[in-house]
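Just so we're on the same page, the numbering used here is the position in the sequence shown counted from 1, plus 84.
Heads up, the beta-carbon is just placed ideally off N, CA and C, and yes, glycines get one too.
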Amino acid sequence: MKTMLSMLMLAAVALTAGCSPVPKRAESREVLDAQINEAFVRFKEEDPGIQRFFDQSAGYAAFPRVFKGAFWIGGAHGNGILYEGSQATGYVSLSQATLGFSFGGEFFREIIFFRTTADIERFKIKDYTFSAQATAVAITAGAAAKADYRDGMAVFVMTDAGLMVDASIGGQKFNYVPMTVR
């Protein structure tokens with residue numbers, strides 16, 4: 085099973101190898117900023133309790149629009165921004181590969197909160213991978229009150245649109261590029 089998961093992650097890496105998290109044009113950066121600000125508003129409207137994570141975390145990675153599609157084998161991809169404190173410090177991309185009983189497609193938003201600066205540094209390491217699906221909290225009223233950090237991270241997701249039947253295994257891979265690098 086580990087071999088199959090490794091092969092899926094390798095396939096996800098290969099499929100998204102040319103997908104840079106850095107927006108190519110200033111307009112694209114402005115659109116990404118606007119989408120992230122809208123995502124923050126939507127998360128806070130859905131569950132005001134999430135504010136404690138914004139207030140107490142060392143930082144967070146925000147992905148305002150991730151597309152996920154599957155027919156037995158699935159994949160997802162989205163771009164976002166890493167914030168240390170409340171300062172944007174870099175661009176991040178999310179790639180996901182899954183295998184199992186999974187059909188459909190959906191758009192979702194994801195925020196990963198980091199408890200400490202060491203957790204942020206670990207995330208920024210090239211080719212950082214983890215299974216966010218197993219630890220993600222679907223944002224609903226009151227969900228953040230029961231949520232906590234796991235391995236230094238708290239992951240929240242909000243479905244935007246689509247329909248997905250998903251009973252699969254997989255992992256998410258992240259790529260970080262500092263904002264000073266173009």
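- The residues 190, 191, in chain order, have a CB closer than 7 Å to that of residue 245 in the same chain once the five nearest residues on each side in sequence are set aside.
- The beta-carbon separation of residue 123 and residue 148, rounded to 4 Å, stays under the 8 Å limit for a contact.
- Just measuring C-alpha positions, the residue of 136, 260, 145, 141 sitting nearest residue 121 is 145.
- Closest in C-alpha terms to residue 135, from the list 257, 170, 115, comes 170.
- Straight across, the Cα-Cα distance linking residue 205 with residue 139 is about 19 Å.
- The beta-carbon distance between residue 133 and residue 180, rounded to whole angstroms, is 26 Å. This is too long to meet the 8 Å contact definition.
- Closest in alpha carbon position to residue 261, among 176, 186, 131, is 176.
- Under the three-state reduction of DSSP, residue 120 is assigned to helix.
- Separation of residue 197 and residue 162 (C-alpha to C-alpha, rounded to the nearest whole angstrom) is 17 Å.
- Between residue 159 and the set 174, 178, 125, the nearest pair of CA atoms involves 178.
- Contact between residue 239 and residue 194 holds: their C-beta atoms lie close to 7 Å from each other, under 8 Å.
- Counted as a single uninterrupted DSSP element, the stretch harbouring residue 204 is not any beta strand (DSSP E) but the alpha helix (DSSP H) occupying residues 201-208.
- Here DSSP, grouped into helix, strand and coil, assigns residue 112 to helix.
- In terms of Cβ geometry, residue 142 and residue 201 form a close pair [threshold 7 Å].
- DSSP places residue 193 outside any alpha helix (DSSP H); the residue lies instead in the beta strand (DSSP E), whose first and last residues are 171-198.
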